[in-house]
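Number of protein chains: 2
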Amino acid sequence: MSTQIRLSGSGGQGMLLAGIILSEAAISEEKNAVQTQSYGPEARGGASKSEVIISDDEIAYPKVTVPDVMLALTQEAYEKYAVDMNDNGTLVVDESITLSGNDKCKVISIPIIKSARDDLGRIIVANIVALGALVKASSIVNEEALLAAVLKRVPKGTEELNTKALQTGFMLVANK
Amino acid sequence: MSTQIRLSGSGGQGMLLAGIILSEAAISEEKNAVQTQSYGPEARGGASKSEVIISDDEIAYPKVTVPDVMLALTQEAYEKYAVDMNDNGTLVVDESITLSGNDKCKVISIPIIKSARDDLGRIIVANIVALGALVKASSIVNEEALLAAVLKRVPKGTEELNTKALQTGFMLVANK
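Residue numbers (the numbering used here), protein chains in the order written: chain F, 1 to 176; chain B, 1 to 176.
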């Protein structure tokens, strides 16, 4: 069993950190993971993506080809990176995104950025809210393992904020 | 022109951060980069590797197959990951490593860990010393671009220490 995950947004929204945290949560559950970050012209502004493959077995090919689980935080990222989604996959998008109507997979639209900015008061934790939503929607890793991985990577002094951000993400999907 | 880079050591030696910094230095020079971190059983203790491909063109295949430039900070990492080096490549190793005698590529053995621990007083910056050494030995990115990328990623308040660490790495190779 292998799951291909793509996290996308704009540069500066912390998709790389989200991918690292997700990988570290997976290995704490004795799974294998490969995290890949592509830096191209788009990394100098515009859409940014971070990819993770999680598997019970060894991972031979590290590139995500057909995402099973995907996050899109911006319209540009959605339009650019959601096109090759698995039809049976799960796509979590920020509610600001206008859907094309062509998505065959399950789509969950929730106020990730608004929650980070208005409810938590720090737009910078939108990536952690998103990570909580993605994991609640897909069960790719255990929620406790994810929290432990978040707390290992966020700056000292921000543990409470990030715990709240993760729980906000869980709730956005649970209440959907 | 494409360069395959492998950074290896033990878990906790900051190879992932070194790979991210190297990628970010490359894109600041208008190159493309792909950074990959594999988390397997070895990520739960033992050898750890982080890989980067830097290219002037788009990078289709993100996996490092034959490293052109490689770093090994521990004996285990050297034995496990240096075997498939490019014969014309450059391998930078910590001086604590006993070489097999079978390496066909250029090998530069320098006191990376000792310098970080004894001269800089912080073993945690061994990855930045190593990055300086690797770039001085291979010219894969510009030294100023590398310093700027280091300063963007290290914790606030550690800029001076990390600048010194990078310069120490440059000097270890320059004086070799």
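The C-beta atom is built at its ideal place from N, Cα and C for all residues, glycine as well.
Residue environment, residue i, which counts as buried when at least 16 other CB atoms sit within 10 Å
i	result
F/D68	buried
B/M1	exposed
F/D100	With the sequence shown as reference, residue 100 of chain F is identified as Ser, and Asp is not the correct amino acid for it. With fewer than 16 other Cβ atoms within 10 Å, it is exposed.
B/S139	exposed
F/V150	buried
Among the options, nearest to residue i - alpha-carbon criterion
i	options	result
F/I59	F/L172, F/N86, F/I27 and F/L146	F/I27
F/Y81	F/D87, F/M70, F/I112 and F/V141	F/M70
B/T98	B/A137, B/N175 and B/Y78	B/Y78
F/I112	F/A133, F/S23, F/K104 and F/D103	F/A133
B/E51	B/L16, B/L120, B/A137 and B/M85	B/L16
F/V154	F/I21, F/S8, F/Y39 and F/G9	F/I21
B/V93	B/G11, B/V141 and B/L172	B/L172
F/A18	F/K152, F/T65 and F/G121	F/K152
F/N32	B/I110, B/S38, B/K31 and B/N32	B/S38
F/D174	F/A149, F/A148, F/E160 and F/S109	First, the amino acid is wrong: residue 174 of chain F is Ala here, not Asp. Looking at the Cα atoms, F/S109 is the closest of the given residues.
Residue i: first and last residue of the uninterrupted alpha helix (DSSP H) it sits in
i	result
B/R153	E143 to R153
B/L134	A126 to S138
B/Q13	Unbroken run through B/Q13: none, as it is neither H nor E.
Whole-Å CB distance - residue i paired with residue j, under 8 Å assumed
i	j	result
B/L73	B/A130	6 Å
B/K49	B/R6	6 Å
B/C105	B/N127	In fact, because the Cβ distance is near 22 Å, the residues do not count as touching under 8 Å.
B/V135	B/E143	6 Å
B/G11	B/G40	Not confirmed; about 11 Å, so no contact.
F/V141	F/E29	6 Å
B/T36	F/V34	6 Å
B/L120	B/T168	6 Å
Segment limits, beta strand (DSSP E) that includes residue i
i	result
B/K80	No beta strand (DSSP E) holds B/K80; the alpha helix (DSSP H) holding it covers Q75 to Y81.
F/K104	From DSSP, F/K104 is part of no beta strand (DSSP E); its letter is neither H nor E.
F/E58	First-last for F/E58: undefined, no H or E at that position.
B/A72	V69 to A72
B/N162	It is not in any beta strand (DSSP E) - B/N162 instead sits in the alpha helix (DSSP H) that spans E159 to A174.
F/A33	N32 to Y39
B/L91	T90 to D94
Spatial distance of residue i from residue j (CA atoms)
i	j	result
F/E76	F/V125	20 Å
F/Q13	B/D56	26 Å
F/M85	F/F170	22 Å
F/T158	F/I123	13 Å
F/S96	B/A165	44 Å
F/A137	F/S8	16 Å
B/E24	B/T3	15 Å
F/K114	F/T90	21 Å
B/A148	B/D118	25 Å
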